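J.: Those letters in the sequence shown? Residues 280 to 435, per the numbering used here, in order.
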Amino acid sequence: MPRLLALLTVMALALAVPMSASAAAPDQIRGSGLNEGWFDFDVRVLVRDGDARGTLRVDEFGAANYDIDGAVVCAAVFGDGAVVAAARPEGSTTTRVVFLALRDLDTTTQGFDRAAPAFSVVPTGQPLDGLCEESLWLLGATEPLDDGDVRIRDRG
280 MPRLLALLTV MALALAVPMS ASAAAPDQIR GSGLNEGWFD FDVRVLVRDG DARGTLRVDE
340 FGAANYDIDG AVVCAAVFGD GAVVAAARPE GSTTTRVVFL ALRDLDTTTQ GFDRAAPAFS
400 VVPTGQPLDG LCEESLWLLG ATEPLDDGDV RIRDRG
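(1) Check whether the region 370–379 and the region 422–430 are in contact - that is, three or more C-beta pairs closer than 8 angstroms.
(2) Let me check one thing: in DSSP terms, what residues is residue 307 bridge-paired to?
(3) Closest by CA to residue 337, which one among 355, 327, 403 and 318?
(4) For residue 305, which residues in the same chain have their Cβ closer than 7 angstroms to its Cβ, ignoring the five residues on either side in sequence?
(5) Go through its chain and collect everything with a Cβ distance to residue 365's Cβ below 7 angstroms, but skip five positions before and after it.
(6) Per DSSP, what kind of secondary structure is residue 397 in: helix, strand or coil?
(7) So is residue 402 buried or exposed if we call it buried at 16+ other beta carbons inside 10 Å?
(8) In the DSSP assignment, the beta strand (DSSP E) including residue 335 goes from what residue to what residue?
(9) Got a sec, what are the start and stop residues for the alpha helix (DSSP H) residue 410 sits in?
(10) For residue 400, does the count of other Cβ atoms within 10 angstroms reach 16, so buried, or fall short, so exposed?
(11) For residue 431 and residue 385, I'd like the C-alpha separation in whole angstroms.
(12) Just to confirm my understanding: we take residue 345, look at its own chain, exclude 5 residues before and 5 after, and list those with CB closer than 7 angstroms. What are they?
(13) Can you find the residues in the same chain that come closer than 6 angstroms, C-beta to C-beta, to residue 309, ignoring five residues on each side of it along the sequence?
(14) Mind checking residue 390: buried by the 16 CB within 10 Å criterion, or exposed?
(15) Using CA atoms only, rank isn't needed, just tell me which of 421, 311 and 381 is closest to residue 354.
(16) Which whole-angstrom value is the C-beta distance of residue 362 and residue 417, which I expect to be below 8 angstroms?
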């Protein structure tokens with residue numbers, strides 16, 4: 280009987296360790312909104328251990344510089360702010376990476392939620408997964424939304 284109990288204890292510990300490591304809640308980025316005269320957006324992203332999964336749609340009014348609708352290639356969360364990006368082919372040798380910087384401020388005394396798109400053109404084949412962390416400075420360029428809501432949960 281003691282051997283069985285020891286075996287069950289070892290099995291329980293073996294199963295508990297991987298489950299506890301993966302049980303950490305992911306960072307979350309969700310929202311939709313409008314900056315009248317410039318753009319509207321919708322974003323739904325989960326970030327776990329630097330791996331981003333979700334979608335980003337940005338529609339620029341009267342132009343197509345920031346237009347994107349697809350899977351995210353990276354996301355970085357920092358407190359009440361986040362930068363999310365998706366990519367589209369720009370030409371035969373380049374890729375347009377469209378970023379959306381977001382701030383979740385409506386639950387603070389800092390005012391309305393904020394957002395702003397930006398883009399960069401990079402060589403095709405360049406790794407994109409680190410670009411959002413390198414672009415957290417975009418949080419300083421966000422503008423108040425005319426309508427919408429942003430929710431960012433930084434679990435880290």
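Glycine included, every Cβ here is placed at the ideal spot set by N, Cα and C. Given the structure is predicted, the values throughout are model-derived calculations rather than measurements.
T.: Working from what's here:
(1) no
(2) Locating residue 307 in the sequence shown gives position 28, counting from the first residue. DSSP lists 325 and 432 as partners of residue 307.
(3) As a first step, residue 337 is located in the sequence shown; it is residue number 58 there, counting from the start. Comparing Cα positions, the closest option is 318.
(4) One-based indexing of the sequence shown puts residue 305 at position 26. Excluding positions up to five away in sequence, the list reads 325, 326, 327 and 434.
(5) As a first step, residue 365 is located in the sequence shown; it is residue number 86 there, counting from the start. Closer than 7 angstroms at Cβ, skipping near neighbours: 335, 347, 349, 350, 351, 352 and 377.
(6) Position 118 of the sequence shown, counted from the start, is the residue given in the question as residue 397. Strand.
(7) By one-based count along the sequence shown, residue 402 stands at place 123. When all chains shown are included, residue 402 counts as exposed.
(8) Your numbering for residue 335 matches position 56 in the sequence shown. Where residue 335 is concerned, the enclosing beta strand (DSSP E) stretches over 330–339.
(9) Along the sequence shown, one-based indexing puts residue 410 at 131. 410–413 is the extent of the alpha helix (DSSP H) around residue 410.
(10) Counted from its first residue, the sequence shown places residue 400 at position 121. Residue 400 comes out exposed.
(11) The count along the sequence shown starts at 1 and reaches residue 431 at position 152. The count along the sequence shown starts at 1 and reaches residue 385 at position 106. Residue 431 and residue 385: Cα-Cα distance of roughly 11 angstroms.
(12) Numbered from its first residue, the sequence shown carries residue 345 at position 66. So the qualifying residues of the chain are 318, 337, 339, 377, 396 and 398.
(13) Within the sequence shown, residue 309 is the residue found at index 30, counting from 1. Correct list, in chain order: 323 and 430.
(14) Within the sequence shown, numbered from 1, the residue matching residue 390 stands at position 111. By the 10 Å Cβ count, residue 390 comes out exposed.
(15) Looking up residue 354 in the sequence shown gives position 75. It is 381 whose Cα lies nearest to the Cα of residue 354.
(16) The residue you call residue 362 lines up with position 83 of the sequence shown. The residue you call residue 417 lines up with position 138 of the sequence shown. Rounded, the Cβ-Cβ distance is 6 angstroms, consistent with contact.
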